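Numbering (this note's numbering), first residue to last: 27 to 179. We put the beta carbon where it would ideally sit given N, CA and C, even for glycine. This one's a predicted model, so the numbers in the text were calculated from it and none came from an experiment.
Here it is in structure tokens:
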């Protein structure tokens, strides 16, 4: 990406390059994974398409997480300042369906890819997968509800 704009307010380029759809998926993952410290990269030469980077705070925000700390969150909302009313209704609904369909074996396969050198054990990763799958139904329900607020098809 030759020219990029880095911002922490994702709404600036929502109307560009299908970002209303892309951001629906980001919103779902943000809630599911307890995201924090939003940093968005927009490709200036690609109609400001949105990308996420610096994923270090995607789990439990800016705090060091433990299994106990993310279990305490349970299935409560974690949307923070991301405004779903700017997003595509259809994309919010399809993201909800995808999150609702998450299976523990698929999530475990992803978290097994986290290097042990990152000071996490396989047990912690398995527990993280369990917590994320436990959050999935409530996250999907919230996305369904948010979709009804969106004026964008």
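Taking Cβ positions, are residue i and residue j nearer each other than 8 Å?
i: residue 122; j: residue 175; result: no
i: residue 96; j: residue 60; result: yes
i: residue 128; j: residue 164; result: no
i: residue 115; j: residue 179; result: yes
i: residue 173; j: residue 119; result: yes
i: residue 147; j: residue 134; result: no
i: residue 113; j: residue 156; result: no
Between residue i and chain E, is any beta-carbon pair separated by less than 8 Å?
i: residue 50; result: In the structure shown, chain E cannot be found, because there is only a single protein chain.
Label residue i either buried or exposed according to how many other C-beta atoms from any shown protein chain fall within 10 Å of its C-beta, with 16 as the threshold for buried.
i: residue 139; result: exposed
i: residue 117; result: buried
i: residue 154; result: buried
The alpha helix (DSSP H) with residue i in it runs from where to where?
i: residue 149; result: 148–173
i: residue 50; result: 45–58
i: residue 98; result: 93–99
Which value, in whole angstroms, describes the spacing of the CA atoms of residue i and residue j?
i: residue 126; j: residue 69; result: 30 Å
i: residue 58; j: residue 160; result: 9 Å
i: residue 150; j: residue 167; result: 26 Å
i: residue 90; j: residue 103; result: 19 Å
Is residue i near the ligand ADP, going by C-beta to nearest heavy atom under 7 Å?
i: residue 118; result: Among the components modelled here there is no ligand, and therefore nothing to report on the ligand ADP.
Quiz item: Can you give, in chain order, each stretch of the alpha helix (DSSP H) that sits fully within the stretch 108–135 and has at least 4 residues?
Solution: 115–126
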